[in-house]
Amino acid sequence: MDCVCRNPLRLLAGMALYPARGPNFNYAAVGVPDDWRQHLFTGFASHWNKNSNLGQAFDLWFLNLFPRTSPFLFNDGGYLTLSFIPTLGTMLLGVAAGRWSLAASPNIPMRKFLLAAAALLAAGLVLHLTGICPIVKRIWTPSWTLFSGGVCFLFLAAFSWVVDIKKQRDLAFPLVVIGMNSIAAHFIAHLCENLVESSIRINLGMRALNIFGTAVEPTVLGSLTLGVYWLMLWWMYRKKLFIRI
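Using our numbering, you'd call the opening residue of the sequence shown number 3 and step up by one each time.
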């Protein structure tokens, strides 16, 4: 667990030491539209603001080392190359969970799962609420690595209790269909998104999608889209079509 925390915290230190932009910084020059600036952080947390942090400075240097049709200025979505560092922390949390499971087999290390969940959730929330490092999924901030890792350990404990301890394996079947074809699921989600969503809108109409109110419409559309994806994967599962590396 120590190595999981080290790399994200090193990035945290680097981002914190890099000079924060002042209130008069020209955010429009780095692709931050006026209607988005309400989401910008103030105080110490401003070290993590979109396209105005250490990761952006690194990308300005690194990505312009390669031949390009035009110089790199910013990523529209605010994504950063350096985000791979805390992402590796997320991967190592999975490695830790796997090692604990193997070491405890055939038992389930529920206590370790729950303690890890509590510690990670607390650490992530403390970093966020104190303004040291906000929880931002898009750039995978260290606080997001810790917080999301805690949530994952909670889910792992819950699924282990239901499936392995209570033996309710049938309840996991919808997830098995997705997990057995995770690569296909990834490509379906990216390649079929526009087709599936537009088909749902055309065939059901916006009145049906807004049945619970306009504020919930994205959730309704997302749920229906996920259902269509699952049916595709279920068909592949029944036909024993599995994409693997």
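Cβ atoms here follow ideal geometry from the backbone N, Cα and C, with glycine treated the same way. These numbers come from a predicted model, not from an experiment.
Best match in the options for proximity to residue i [C-alpha to C-alpha]
i, options, result
"residue 17", "72, 27 and 88", "88"
"residue 123", "140, 154, 107 and 141", "154"
"residue 176", "204, 186, 222 and 236", "236"
"residue 243", "190, 186 and 222", "186"
"residue 189", "162, 246, 108 and 92", "246"
"residue 32", "81, 217 and 182", "81"
"residue 139", "210, 161, 85 and 120", "85"
Residue i, buried or exposed, once every other Cβ within 10 Å from all chains shown has been counted against 16
i, result
"residue 58", "buried"
"residue 52", "buried"
"residue 215", "exposed"
"residue 119", "buried"
Sequence-distant residues of its chain with Cβ nearer than 8 Å to residue i (five each side left out)
i, result
"residue 111", "102, 103 and 105"
"residue 208", "219"
"residue 227", "195, 198, 199 and 202"
Neighbourhood of residue i by C-beta, 7 Å cutoff - its chain only, sequence neighbours within 5 removed
i, result
"residue 14", "135 and 144"
"residue 49", "17, 18, 20, 22 and 55"
"residue 193", "none"
"residue 125", "148"
"residue 167", "110"
"residue 34", "52 and 53"
"residue 133", "45, 46 and 47"
Beta-carbon spacing of residue i, residue j below 8 Å
i, j, result
"residue 253", "residue 64", "Residue coverage of the chain in this structure runs from 3 to 247, which leaves residue 253 outside it and unanswerable."
"residue 149", "residue 127", "yes"
"residue 74", "residue 61", "yes"
"residue 198", "residue 230", "yes"
"residue 95", "residue 151", "yes"
"residue 179", "residue 232", "yes"
"residue 174", "residue 115", "no"
Per-residue DSSP class, three states only, for residue i
i, result
"residue 208", "helix"
"residue 170", "coil"
"residue 228", "helix"
"residue 99", "helix"
"residue 92", "helix"
"residue 237", "helix"
"residue 35", "coil"
"residue 214", "coil"
"residue 180", "helix"
"residue 154", "helix"
"residue 78", "coil"
Spatial neighbours of residue i in its chain, beta-carbon cut-off 6 Å, leaving aside the 5 residues before and after
i, result
"residue 130", "136, 137 and 145"
"residue 37", "none"
"residue 66", "73 and 74"
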